[in-house]
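Q:
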Amino acid sequence: MKERKLAGLPVLLILLLGILAAVWSARVAAHFRGLRLELGRVKLSRLDEETRRRLETLKDDVFITYYVSERSRMPSNMRRVERGATDLLEALRGASRGRLGYQIVDPGTDADLVRFASHRGVAPFRGTPTASARSGRRWGSPTARAQSRPSTGSAPSTSRGCRRC
Amino acid sequence: MAQRENALSVRETFSGVWLVAGRELGAYFDSSIAYVYSIAFVVLANSIFMNEFFLTGTVDMTGFFDLLPLLLAVFLPAITMRLWAEERRQRTIELLLTLPIRPLQAILGKYLAALALYGLFLVGSLPIVVMLFALGDPDPGLILSGYLGLIFLGALFLASGTFLSALSGDQIVAFVTSTLLCFFLVLTGNDKVVAVLDGLAPSLSFGTLLYESISVSPHFDGFVRGVVEFHSVVYFFAMSAVFLWATSLVLKLNRT
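Order-wise, the sequence lines are chains A and B. FYI, in the numbering used here the residues of the first sequence are 24 to 188. FYI, in the numbering used here the residues of the second sequence are 5 to 260.
(1) Cutting at 8 Å between CB atoms, please list the residues of its own chain near I218 (chain B), excluding the five before and the five after it.
(2) Excluding the five sequence neighbours on either side, which residues of its own chain have a C-beta within less than 6 Å of the C-beta of F79 (chain B), listed in chain order?
(3) If the cut-off is 8 Å on Cβ atoms, which residues from the segment 81-96 of chain B count as contacting chain A, listed in chain order?
(4) Of all the CB atoms in chain B, is at least one closer than 7 Å to the CB of S48 (chain A)?
(5) Give me the residue from B:L152, B:A250, B:H223 with the minimum Cα distance to S169 (chain B).
(6) Look at the alpha carbon of R56 (chain A) and the alpha carbon of V232 (chain B), and state the distance between them as a whole number of angstroms.
(7) Just to confirm before moving on: does the CB-CB distance between I97 (chain B) and G20 (chain B) stay below 7 Å?
(8) Would V34 (chain A) pass as an interface residue toward chain B - the criterion being a Cβ-Cβ separation below 7 Å?
(9) How would you list, in chain order, the residues of chain B whose beta-carbon sits under 7 Å from the beta-carbon of R59 (chain A)?
(10) Give every residue of the same chain whose Cβ lies closer than 6 Å to the Cβ of P144 (chain B), excluding the five residues on either side of it in the sequence, and list them in chain order.
(11) Considering only residues of the same chain and omitting the five flanking positions on each side of G226 (chain B), which have a CB-CB separation below 6 Å?
(12) Here's the rule: buried if 16 or more other CB atoms are within 10 angstroms of the residue's CB, otherwise exposed. What is G153 (chain B)?
(13) Give every residue of the same chain whose Cβ lies closer than 6 Å to the Cβ of G123 (chain B), excluding the five residues on either side of it in the sequence, and list them in chain order.
(14) For I37 (chain B), which of B:P81, B:G61, B:T62 has the nearest alpha-carbon?
(15) In terms of DSSP beta bridges, what is L123 (chain A) paired with?
(16) CB A25 (chain B) to CB L116 (chain B), shorter than 7 Å?
(17) Where F125 (chain B) and E16 (chain B) are concerned, what is the direct C-alpha to C-alpha distance, given to the nearest angstrom?
(18) Hey, how far is the Cα of S149 (chain B) from the Cα of S221 (chain B)?
(19) What is the residue span of the beta strand (DSSP E) that L60 (chain A) lies within?
(20) If you count every other CB in all the chains shown that lies within 10 Å of the CB of D34 (chain B), and 16 or more means buried, which is it?
(21) Could you work out which residues of chain B lie near F55 (chain A), taking near to mean beta carbons separated by less than 7 Å?
(22) Looking at the C-beta of L171 (chain B), does it have a partner C-beta in chain A at a distance below 7 Å?
(23) Return the chain-ordered ranges of every alpha helix (DSSP H) run that is complete within the segment 13-82 of chain B and spans a minimum of 4 residues.
(24) Kindly list the residues whose CB is nearer than 8 Å to the CB of F252 (chain B), restricted to its own chain and excluding five residues on each side of it in sequence; keep chain order.
(25) Can you look up E233 (chain B) in the DSSP assignment and give me helix, strand or coil?
(26) Just the chain B side, please: which residues come within less than 7 Å of E93 (chain A) by C-beta, in chain order?
(27) Could you check if V197 (chain B) is buried or exposed, using at least 16 other CB atoms within 10 Å of its CB as the buried criterion?
(28) Would R64 (chain A) count as contacting chain B if we go by Cβ distances under 7 Å?
(29) Going by the beta-carbon positions, is the gap between R92 (chain B) and G173 (chain B) smaller than 7 Å?
(30) When you compare only the Cα positions, how much space is there between T153 (chain A) and I176 (chain B)?
(31) At the level of alpha carbons, what is the spacing between T183 (chain B) and A77 (chain B)?
(32) In whole angstroms, what is the alpha-carbon distance linking G140 (chain B) and E61 (chain A)?
(33) Compare the C-beta of L38 (chain A) against all C-beta atoms of chain B and say whether one is closer than 7 Å.
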């Protein structure tokens, strides 16, 4: 009986190695960002010709700060907004030939940022409560702000709440 | 000539797989398992959808796809727990493995049968799609992609359950361990769980590490958003293949 239990141990170790190999292969595959199929009506990573043309002819650098609350604080029907917006920002950055950059900032992490966001008219919105957010109305701040470099009147030290800089 | 022999062996391999799959599927429907599980799953899944549907008031299935992984983490181990544990309990595993079929054929056959039953579960949720199209204009691409994600997710959960059923040899142990593993794979993608795990050891960011490496959630999320990403497909295929391969190792160990 004890021998049978011990016989399972090498299998578990081999399984662990196999899982690591599977995770590694998925991470390698993640480098092929272009290998994706968008089945929805809204193709976030596909830019129209006019947008591409404008991005290619940008004269100044553009930097976009995307303010978004962390997923758990968003209403359940808006929790995928960040990933969708990030896909779009990635597509814009890819088409701009290095002229456009972006950062994702959670304004809720810093009182100064909350004040700044409110001051810029990016007040938190009220979301409809859903099953998973039934305890009350949830606050979230999905909004983006673009500025050309060098920056003038920039946001207060966004590095504190920066999730992707 | 060699190619011809290979082709025959491939045909033989598949005939063995179909044989085992047919036998296993028949066993599901001979007992009340298939009926009870299907009805329970359809009732629960549709209730979840209706709850989300009336609260959000949007003609889409995002909320449904969001919550289904947690439901599958309980239902799919219930399908797989008996696959090998039952054979061992009834002492038919020796008979099965001495038949002129390879362990891999037996594993794939049983796995396909479990997948077919899971497919039946998913077919039970199709009235929701019909209802959405009758009520409005939902995005068919998003729905298709969501179902594709569910198929991949189910395939992974079934593969892990098959492995644990072969390893444990006891149905209850197989069910509990498979459920725990499925919950682990799903919950490591939950923001709150990630935050708690990160908080335990801030320097290691353990939660983020699990989220970015092993969790099913970031991969499944892509499908729910209507995006079929290459790395997600690789993740689901590779993880399922690893669990099935480990199952064949367990059976080989039992055989010797």
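Built from N, CA and C at the ideal position, the CB exists for glycine as well.
A: With the given structure in hand:
(1) L189, T192
(2) Within the same chain, F79 (chain B) has close Cβ partners F45.
(3) none
(4) Cβ-Cβ to chain B under 7 Å: yes for S48 (chain A).
(5) B:A250
(6) 11 Å
(7) no
(8) yes
(9) V231, V232, E233, F234
(10) none
(11) Within the same chain, G226 (chain B) has close Cβ partners E233, S236.
(12) buried
(13) The answer is none, since no qualifying residue turns up.
(14) B:P81
(15) According to DSSP, L123 (chain A) bridges with A:V85.
(16) yes
(17) 30 Å
(18) 15 Å
(19) 59-61
(20) Exposed, because fewer than 16 other Cβ atoms sit within 10 Å of the Cβ of D34 (chain B).
(21) F234
(22) yes
(23) 37-60
(24) Here residue 252 (chain B) turns out to be Ser, not Phe, going by the sequence shown. P107, L108, I111, listed in sequence order.
(25) strand
(26) D195
(27) buried
(28) yes
(29) yes
(30) Bear in mind that a pLDDT of 44 at T153 (chain A), under 50, signals an unreliable position, so the model cannot answer this.
(31) The straight-line gap from Cα to Cα measures roughly 6 Å.
(32) Roughly 22 Å between the two C-alpha positions.
(33) Closer than 7 Å: yes.
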